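Residue numbers (my numbering), protein chains in the order written: chain A, 4 to 333; chain B, 247 to 562. Data block below; observations after.
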Ligand SMILES: Cc1ncc(C[n+]2csc(CCOP(=O)(O)OP(=O)(O)O)c2C)c(N)n1
Ligand SMILES: [Mg+2]
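Written as C-alpha cells, this is what we have:
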C-alpha cells in the first residue's frame with residue numbers, strides 16, 4: 004500500500020496510462036503548470052496548457068478522441084463546464100449515435116466541485132446529474148484515493164466520454180492506494196459499511212457524512228449499510244436493490260440540488276423495483292434548491308451533514324412504528 | 247490631446263491607488279494567518295482601475311470580474327463592506343452570498359460581477375443594449391483580463407457591440423497572466439487591442455502603469471463613445487505582481503520578469519512624477535492605513551448572515 008493525496012492518485016493514474024498508451028494526452032488551463040511531473044516525463048506535446056476557453060478545450064478533445072487519441076481534459080471547476088456543454092453534450096454524447104456508430108469518443112473531462120472552500124456558486128455547483136441526464140456520457144464521482152486512481156485509469160481506457168468529478172474539499176486529503184496495477188470498474192458501487200437496518204446511499208464526500216451518521220446510529224443500536232455509488236452512470240442498480248431489499252429502508256444523500264438529482268432517480272428505481280420490500284418511504288437528504296452560498300455558515304447549512312442524515316434515518320423507524328400503531332388502532 | 251491633468255486630481259488618484267494597495271495587502275496578510283479565504287488581488291494593476299474609473303461619470307456603469315476590489319474602491323466602495331463580503335458577513339455588498347469573487351454593488355453602478363471568465367463581456371453587451379434602448383446616454387465600462395479575450399464571448403461581444411453600436415468602453419487589463427499560464431503561451435500576438443481592431447472598432451493600448459496616461463486614454467475613449475455612439479477598446483499594458491490568488495508562491499513566474507515589472511510599479515511612478523516630499527507621502531499613507539485597519543475591524547465584528555438567508559434571494 005502507498006499513501007497518496009487524491010490529487011496525486013489522479014496524477015499517478017494518468018502517468019501510468021500515458022506510459023501504457025501513447026494516445027493518452029492531457030490538456031487544460033494550467034495543466035502543464037500544475038502537473039510539472041507529467042510535463043517533465045511526457046513533454047509539452049502530450050501535456051499542454053491551453054488558452055482560457057473551455058469550449059475549444061472540450062471541442063478539441065472530442066475531435067481528437069474521434070480520431071483515436073485519448074485526451075484527459077481538466078475543466079477546473081464544474082460550473083465552467085457550462086461553457087463546454089455543446090461540445091460535451093451535443094458532440095461527445097450524441098455524434099456516435101447520430102453517425103450510426105461510426106465514431107467513439109474515449110475522453111475524460113475532469114472538474115472540481117462541492118462545498119468546503121467557500122468559493123460560491125460559480126465555482127461550486129454539483130451539476131453531475133445534468134450529465135447523467137444526457138445520453139452517451141458516463142459519470143463518476145469517487146470518494147477515496149484508491150478509487151480516484153482506479154476509476155481514472157478505467158475512465159481513460161473506456162471508449163466513451165467520461166465526466167470525472169473531484170470533490171475540491173478532498174483534493175489534498177490522503178488515503179491508501181494499492182501498489183501496482185489498480186483498476187476500479189465503472190458502474191460498480193462499493194459497500195463502505197455493512198448493515199441490516201437502513202441503507203444510506205451516497206457518493207463523493209457525502210459518503211463520509213453517511214459513515215459518520217452510521218456510527219451515530221450504531222450507538223443507538225441501528226445498523227446502517229453505507230453504499231458509495233462511485234459511478235453515477237452507469238448506475239449500479241443491482242447493488243442499490245440488493246441493499247434496499249435487505250434493509251427495507253433507504254436514505255439517499257447528495258450535495259447536489261434536490262429536484263431531479265441522482266437521489267430522485269434512485270427513489271424512482273426503488274419505487275419501481277423494490278416497492279414491496281420497502282418498510283418506509285425513501286428519503287433524500289440534499290442541498291436545498293439554491294445556488295451554493297459562499298459564506299461559511301451558509302455553506303455548512305447547505306451541505307448534508309451527519310446529524311441530519313442520522314436523524315432522517317432514525318425517523319424511518321418512527322414512521323414505521325406510527326404506521327404499525329395506525330394499523331393496530333384501525 | 248487632452249490637457250495635462252491637474253496635480254490635485256493626480257494626488258487624489260495616488261491616494262486611491264494607495265488605498266487599493268493597502269486593501270489588497272491587508273487581505274493577503276489576513277489570508278496568510280488563516281483569517282480570510284483567498285482572494286485575487288490587483289497589486290501592480292491599480293492604475294487601470296483608478297485611471298479609468300476617474301474618467302467615468304456618476305451615471306456610467308461598470309462590469310468587473312474576480313479581480314474587482316480595485317474597481318470597486320476606485321468607484322468609492324466602502325472597504326469595510328468589501329471585506330465583509332470576502333468574510334461572508336451579512337454587511338457585505340452581497341449580504342455575504344458572494345464572497346470575494348463576484349462582488350456587485352448596484353448602488354455604485356457596479357453591476358453583474360461574475361467570476362465566470364468572459365461572462366462580463368457577454369453581459370456588458372446587454373447592459374449596453376439597455377442603455378441605448380432607454381436613452382440613458384451613459385457609458386458601460388467593462389473590465390476584463392487578457393485571458394478572457396480567449397473566450398468566445400470576447401469576440402461575440404465586440405462584434406455585437408460594433409454592429410449594434412453599443413456604448414461600451416472595453417477595458418482589457420493585460421497583466422500578462424491568465425491564472426498560472428503566461429499570456430505568451432496562449433496567443434500568438436502580444437496585444438489584445440490587435441484582436442479588437444479587427445472587430446471594427448478603435449482600439450488603443452496604453453502604458454497601464456501610468457495612471458495619467460490611462461486616465462487620458464479612457465477620456466478619449468469615452469469621448470469617442472459619446473460622439474459616435476459606438477464602442478471603444480482600451481488595453482492597459484500591465485503586470486500582476488502578486489499571485490493569481492492568495493496564497494500563491496509564484497514559483498512558476500520568471501523572477502527577472504517580475505523584478506522588471508516591480509520596478510515599473512504604478513504607485514512609485516506616480517509618486518516620483520508628483521515629486522511629493524516624504525512628509526506629505528507619510529501623511530497620505532497613514533490616513534490610508536488607518537482607513538483600511540478600521541474597515542477590517544468593522545468587517546471582522548460584523549455578523550454572519552442568518553441561516554434563513556440560505557434560501558432567500560433565489561427568485562424575484
Ligand atoms: C470560464 C472560466 N474558466 C476558468 C476560470 C478560472 N480562472 C479564474 S481567473 C482565471 C485567469 C483569468 O485570466 P485573465 O482573464 O487574464 O484575468 P486576470 O486573472 O489576469 O485578471 C482563470 C483561468 C474561470 N473563473 N472561469
Ligand atoms: Mg490576465
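We put the CB at the ideal spot given by N, CA and C, even for glycine. It should be emphasised that the depicted structure is a prediction, and the values quoted were computed from it without experimental measurement.
Would you mind working out which of 460(B), 481(B), 545(B) sits nearest residue 516(B), comparing C-alpha positions? Numbered from its first residue, the second chain carries residue 516(B) at position 270. Ranking the options by Cα distance to residue 516(B), first place goes to 460(B).
Who are the neighbours of residue 372(B) on chain A, taking C-beta pairs under 7 Å? Mapped onto the second chain, residue 372(B) falls at position 126. Residues of chain A passing the Cβ test: none, with the nearest at roughly 18 Å.
Short of 6 Å in beta carbon distance, which residues of its chain neighbour residue 113(A), apart from the five on each side in sequence? Order them along the chain. Start at 1 with the first residue of the first chain, and residue 113(A) comes out as number 110. For residue 113(A), where only same-chain residues beyond five positions count, the Cβ hits under 6 Å are 77, 167.
Using the Cβ count rule (16 or more neighbours within 10 Å means buried), how would you classify residue 539(B)? Here residue 539(B) refers to the residue found at position 293 of the second chain. So residue 539(B) ends up on the exposed side.
Report the neighbours of residue 304(A) on chain B: residues whose CB is nearer than 8 Å to its CB, in chain order. Within the first chain, residue 304(A) is the residue found at index 301, counting from 1. Ordered by position in chain B, the residues that pass the 8 Å Cβ test against residue 304(A) are 553, 556.
Starting from residue 308(A), find everything on chain B with Cβ-Cβ shorter than 9 Å and list it in chain order. In the first chain, counting from the first residue as 1, residue 308(A) sits at position 305. The premise fails here: residue 308(A) is roughly 13 Å from chain B at the closest Cβ pair, so nothing lies under 9 Å.
Using three-state DSSP, classify residue 354(B) as helix, strand or coil. Your numbering for residue 354(B) matches position 108 in the second chain. In the structure shown, residue 354(B) sits in a helix (DSSP, three-state: H, G or I).
Taking just the CA atoms, how far does residue 237(A) sit from residue 182(A)? Your numbering for residue 182(A) matches position 179 in the first chain. Your numbering for residue 237(A) matches position 234 in the first chain. The straight-line gap from Cα to Cα measures roughly 27 Å.
With which residues is residue 269(B) paired in a DSSP beta bridge? What you label residue 269(B) is simply residue 23 of the second chain in a count that begins at 1. DSSP lists no partner for residue 269(B).
Whose C-alpha, out of 177(A), 160(A), 251(A), 302(A), is nearest the C-alpha of residue 24(A)? The residue you call residue 24(A) lines up with position 21 of the first chain. Among 177(A), 160(A), 251(A), 302(A), the Cα nearest to that of residue 24(A) belongs to 160(A).
6 Å Cβ shell around residue 247(B) - same chain, five flanking residues per side excluded: Stepping through the second chain from its first residue, residue 247(B) is reached at position 1. A caution first: residue 247(B) carries a pLDDT of 45, below 50, which makes its placement in the model unreliable, though a value can still be read off. Closer than 6 Å at the Cβ level, and outside the excluded window around residue 247(B), lies no residue.
Interfacial residues, the stretch 112-134 of chain A to chain B, with Cβ spacing under 9 Å: 120, 121, 122, 123, 124, 125, 126
Verify the CB distance criterion: does residue 356(B) have a CB-CB separation below 9 Å to chain D? Of the chains in the structure shown, none is chain D; the protein chains are A and B.
Is the separation between the beta-carbon of residue 325(B) and that of residue 374(B) shorter than 9 Å? In the second chain, the residue the question calls residue 325(B) occupies position 79. In the second chain, the residue the question calls residue 374(B) occupies position 128. The answer is no: Cβ separation not under 9 Å.
First and last residue of the beta strand (DSSP E) that includes residue 168(A)? As a working note, residue 168(A) is residue 165 in the first chain. 165-170 is the extent of the beta strand (DSSP E) around residue 168(A).
With which residues is residue 387(B) paired in a DSSP beta bridge? Residue 387(B) sits at position 141 when you count from the first residue of the second chain. For residue 387(B), which the question treats as bridged, DSSP gives the partners 308(B), 415(B).
Which runs of the beta strand (DSSP E), 3 residues or longer, sit entirely within the stretch 222-268 of chain A? 227-231, 234-236, 253-260
Do we get a CB-CB distance below 9 Å when we pair residue 56(A) with the residues of chain B? One-based indexing of the first chain puts residue 56(A) at position 53. It does; some Cβ of chain B falls within 9 Å.
Residue 271(A): which of 243(A), 198(A), 98(A) sits nearest, CA to CA? Position 268 of the first chain, counted from the start, is the residue given in the question as residue 271(A). Nearest C-alpha to residue 271(A): 243(A).
State the start and end residues of the unbroken beta strand (DSSP E) segment that holds residue 84(A). In the first chain, counting from the first residue as 1, residue 84(A) sits at position 81. Careful: residue 84(A) lies outside any beta strand (DSSP E) and carries neither H nor E.
Partner residues on chain B for residue 292(A), Cβ-Cβ distance less than 9 Å: In the first chain, the residue the question calls residue 292(A) occupies position 289. Under the 9 Å cutoff, chain B gives 557, 560.
Name, please, each residue of chain B whose Cβ falls closer than 8 Å to the Cβ of residue 188(A). If you number the first chain from 1, residue 188(A) lands on position 185. Those within 8 Å of residue 188(A) in chain B number zero; the least Cβ separation is about 34 Å.
Cβ closer than 9 Å: which chain A residues qualify as neighbours of residue 362(B)? Residue 362(B) sits at position 116 when you count from the first residue of the second chain. Chain A residues near residue 362(B): 82, 83, 85, 86, 125.
Check whether the Cβ of residue 359(B) sits closer than 8 Å to any heavy atom of ligand 1, and report yes or no. Translated into the one-based positions of the second chain, residue 359(B) becomes position 113. Not so, every heavy atom of ligand 1 lies at least 8 Å from the Cβ.
Need the endpoints of the alpha helix (DSSP H) that residue 141(A) sits in, please. Residue 141(A) sits at position 138 when you count from the first residue of the first chain. No alpha helix (DSSP H) holds residue 141(A); the beta strand (DSSP E) holding it covers 141-143.
Specify which residues have a beta carbon nearer than 6 Å to any heavy atom of ligand 2, listing them in chain order. 391(B), 392(B), 393(B), 421(B), 423(B), 424(B)
Just to confirm, is the Cβ distance from residue 69(A) to residue 108(A) under 9 Å? For the purposes of this step, residue 69(A) is taken as residue 66 along the first chain, with counting starting at 1. For the purposes of this step, residue 108(A) is taken as residue 105 along the first chain, with counting starting at 1. Closer than 9 Å, so yes.
Could you work out which residue in 84(A), 208(A), 115(A) is closest to residue 233(A) when comparing CA atoms only? Taking the first chain and counting its residues from 1, one reaches residue 233(A) at position 230. That would be 208(A), whose Cα lies nearest to the Cα of residue 233(A).
DSSP three-state call for residue 252(B): helix, strand or coil? Taking the second chain and counting its residues from 1, the one referred to as residue 252(B) is at position 6. In this structure, residue 252(B) counts as coil in the three-state DSSP scheme.
At a Cβ cut of 7 Å, what residues of the stretch 23-39 of chain A count as close to chain B, listed as they run along the chain? 32, 33, 36, 37
For residue 204(A), the residue or residues it bridges with in DSSP: Here residue 204(A) corresponds to residue number 201 of the first chain, with the count starting at 1. DSSP output for residue 204(A) lists 230(A), 255(A) as bridge partner(s).
On the three-pair Cβ rule with 8 Å, is the stretch 441-456 of chain B touching the stretch 258-265 of chain B? no
Can you tell me which of 252(A), 47(A), 260(A) puts its alpha carbon nearest to the alpha carbon of residue 278(A)? By 1-based counting over the first chain, the position of residue 278(A) is 275. Checked all of 252(A), 47(A), 260(A); the closest Cα to residue 278(A) is 252(A).
Could you tell me which residues DSSP pairs with residue 479(B) in its beta bridges? In the second chain, the residue the question calls residue 479(B) occupies position 233. Residue 479(B) is bridged to 416(B), 449(B).
Residue 498(B) versus chain A: which residues are under 7 Å apart at the beta carbon? The residue labelled residue 498(B) in the question sits at position 252 within the second chain. Chain A residues near residue 498(B): 36.
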